[in-house]
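Just below is one structure, and these are the notes that go with it.
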Amino acid sequence: MKISHVILHHLRMELRSPFETSFGRVLSRDCILLEVAADGLVGYGECVADREPGYSYETVDTAWHILRDFLIPAVLDQEIEHAAQLQKLLMHVRGHPMAKAGLEMAFWDLKGKISGHSLKDLFGGSRSSVEVGVSVGIHETPVDLLKTVDDYLDQGYRRIKIKIKPGRDLVDTMAIRQAYPDLRLQVDANSAYRLEQALALKPLDELGLLLIEQPLDEDDLWDHSLLQKQFQTPICLDESILSPRHARQAIEMQACRIINIKAGRVGGLSQAHAIHNLCRENSIPVWCGGMLETGIGRASNLALASLPGFSLPGDISASNRYYREDITHQEFTLNPDSTIDVPEGAGLGITVDHERLARVELARLKLP
Ligand code: OSB
Ligand code: MG
Numbered sequence: 323m324k325i326s327h328v329i330l331h332h333l334r335m336e337l338r339s340p341f342e343t344s345f346g347r348v349l350s351r352d353c354i355l356l357e358v359a360a361d362g363l364v365g366y367g368e369c370v371a372d373r374e375p376g377y378s379y380e381t382v383d384t385a386w387h388i389l390r391d392f393l394i395p396a397v398l399d400q401e402i403e404h405a406a407q408l409q410k411l412l413m414h415v416r417g418h419p420m421a422k423a424g425l426e427m428a429f430w431d432l433k434g435k436i437s438g439h440s441l442k443d444l445f446g447g448s449r450s451s452v453e454v455g456v457s458v459g460i461h462e463t464p465v466d467l468l469k470t471v472d473d474y475l476d477q478g479y480r481r482i483k484i485k486i487k488p489g490r491d492l493v494d495t496m497a498i499r500q501a502y503p504d505l506r507l508q509v510d511a512n513s514a515y516r517l518e519q520a521l522a523l524k525p526l527d528e529l530g531l532l533l534i535e536q537p538l539d540e541d542d543l544w545d546h547s548l549l550q551k552q553f554q555t556p557i558c559l560d561e562s563i564l565s566p567r568h569a570r571q572a573i574e575m576q577a578c579r580i581i582n583i584k585a586g587r588v589g590g591l592s593q594a595h596a597i598h599n600l601c602r603e604n605s606i607p608v609w610c611g612g613m614l615e616t617g618i619g620r621a622s623n624l625a626l627a628s629l630p631g632f633s634l635p636g637d638i639s640a641s642n643r644y645y646r647e648d649i650t651h652q653e654f655t656l657n658p659d660s661t662i663d664v665p666e667g668a669g670l671g672i673t674v675d676h677e678r679l680a681r682v683e684l685a686r687l688k689l690p
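Heads up: the sequence shown runs through residues 323 to 690, numbered per our numbering.
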C-alpha cells in the first residue's frame, strides 16, 4: 500500500464516571485518532497518549508533534506491505511508542481492508470472544468502591481490578475480598510505591489475588525482581514493558510472573504480538491491558486478545463502561459469560460516526 495522506484528530471525550489512579483523577479522556488514506481506502488508528504525562512521558501534544514532524513524513508515499517495513521507517525516532502504535494500528486496519480479512485472522487469533474484566478507579471511601464493584458484578463482569496507592491499598482490597471471597480480583498501583513501601503490601499476599500490577517505578525491573521474591502473588508488569527486549529481560530477572500487554505502550500491534509469542514460549501468562480507548482502540484490543496466549481476562470493558457516546457505530457489549465478541469485519471491523467525531474534536490536521 502507498499512504497518500493522513488526518490527525485530537479528541476529548467525557467519561461516564470519574476515573482515579495513583497518578490522578480524570473526568474526560484525550486521544489522537489517525485517519490514514492509502490505495483509495481509509484506515483508522488510535494513539492512546493522554493529556498529562502521568502514566508515561507521552502526551497528546508530544505524540502530535512526533507524528506530524517525524513519523508521518517518514511513511508518506512509501510502498509498505508488512508491519516490519513500517517499523523500519519509524526506527530513526527513539521512544514515543504510543505515537508509533497509533500509526501501526491504522496500517493494520488498511491491510485488513485491502485483503478482506479481520485483524483477528491476520494475527492468527484463536477465539471469537475474549474474557474481560473491569478496571475500577480509587473511590472516596471503601464503601463507595464496594458499591461500584457491586454494580459491575450485577452487569456480569467476573473479574475486577482495583486501583491502589499508598494509604488506599490494604483496607480497600480487604473490603472487596471480604464481600466477595471467590471473586477473581487484582490490584494495580501504577508505579506508586518504592521498594521499602511496597513490602508493607505483604498482607495482600493472603488475599488470593490474581496479581499485583506495576507496584514500582516503570524503569525499575531490578527492584521488581527483589519484590517478587517476597511475594507469592504474581507481580504483573505494565509500565515497565516497552519492548520485547524488556519482556525478555523481565522474564530472565524474574521481575514478574505475568505481563500486561498494551499495543500502545510497546510501539504497536506487531511488537505486542512478539511479546505474546515470547511469553508463550516461556509459559508467562499475558492479558490485554486498556487505556480507556474509544471503540477503535477497543476493536484493536479485542483482536489482539484473541491470540491463544492471552489466558487472563483483559481490561477491555463494554462501550457503556467508558463514554456516553462513542465514535464508532459498533457498540461493544458484555456477554453473560463476561466475554466480549471479537469484531469480524475487515481490518478493525469498525466504522466511524463522523458526526459524533466532530462533536468531540478539539483540533484537526491534514498531512501533507
Ligand atoms: O494502568 O492499566 C492501567 C487506564 C489508563 C491508564 C493506565 C491504565 C488504565 C486502566 C483502564 O486501568 C483500563 C481500561 O481501559 O479499561
Ligand atoms: Mg496498569
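All residues carry an ideal CB built from backbone N, CA and C; glycine is no exception.
- Out of I325, L330, S350, G631, the CA that lies nearest to the CA of E615 is found in S350.
- Using a 10 angstroms sphere on the CB of V465, the tally of other CB atoms stays under 16, which defines it as exposed.
- Out of Q550, S344, S592, the CA that lies nearest to the CA of Q576 is found in Q550.
- Per the C-alpha coordinates, the member of G376, F445, D383 positioned closest to H404 is F445.
- In this structure, Q536 and S562 form a Cβ contact; the two beta carbons are roughly 7 Å apart against a cut-off of 8 Å.
- One thing to note: M420 has its Cβ no nearer than 7 Å to the Cβ of C353.
- Between L538 and L517 a beta carbon distance of about 6 Å is seen, short of the 8 Å cut, so the two are scored as contacting.
- The alpha-carbon separation between S592 and K422 amounts to approximately 11 Å.
- If you compare the alpha carbons of N582, E647, H595 with that of C610, the shortest gap goes to N582.
- Closest by C-alpha distance to K442, out of P665, R686, R646, is P665.
- For L425, no beta strand (DSSP E) encloses it; the enclosing alpha helix (DSSP H) starts and ends at 419 to 437.
- Note on D494: 16 or more other CB atoms within 10 angstroms of its CB, so buried under the neighbour-count rule.
- The continuous stretches of alpha helix (DSSP H) do not include C578, and DSSP gives it neither H nor E.
- E453 sits buried, since 16 or more C-beta atoms from the chains shown fall within 10 Å of its C-beta.
- In the displayed model, L549 falls within a helix according to three-state DSSP.
- Taking 8 Å as the upper bound for CB-CB distance, I573 and F553 are not in contact here, some 17 Å apart.
- Around the Cβ of H461, a 10 Å sphere holds 16 or more other Cβ atoms; the residue is buried.
- Partner residues in the beta bridge of A359, as assigned by DSSP, are H327, V364.
- DSSP places S622 in the uninterrupted alpha helix (DSSP H) bounded by 617 to 627.
- One thing to note: A501 has its Cβ within 7 Å of the Cβ of L468.
- Distances between the C-beta of D443 and the heavy atoms of the ligand MG are all 6 Å or more.
- For K410, the uninterrupted alpha helix (DSSP H) run begins and ends at 405 to 412, by DSSP.
- Separation of the CB atoms of L408 and G367 is rounded to 11 Å, and the pair is thereby denied contact status at 8 Å.
- Between the segment 615 to 627 and the segment 430 to 442 there are three or more inter-stretch CB-CB distances shorter than 8 Å, so the stretches are counted as touching.
- For P395, the three-state secondary structure derived from DSSP is helix.
- When rounded, the separation of the alpha-carbon atoms in R643 and R338 is 7 Å.
- For R390, the closest C-alpha among the options I329, R347, D361 is that of I329.
- Counted as a single uninterrupted DSSP element, the stretch harbouring S592 is not any beta strand (DSSP E) but the alpha helix (DSSP H) occupying residues 591 to 603.
- Judged by DSSP secondary structure, Q500 falls within the alpha helix (DSSP H) whose first and last residues are 492 to 501.
- Taking the Cβ of S513 as the reference point, every heavy atom of the ligand OSB lies at 6 Å or farther away.
- Cβ contact annotation for A514 (same chain, cutoff 8 Å, sequence separation greater than five): S344, F345, I486, K487, P488, P537, in chain order.
- For the pair L412 and K584, the Cα-to-Cα distance works out to about 19 Å.
- CA-CA distance, L670 to L600, rounds to 24 Å.
- Under the three-state reduction of DSSP, I354 is assigned to strand.
- For A680, the enclosing alpha helix (DSSP H) begins and ends at 676 to 681.
- In chain order, I325, L411 place their CB closer than 6 Å to the CB of V397, counting only its own chain and leaving out the 5 sequence neighbours on each side.
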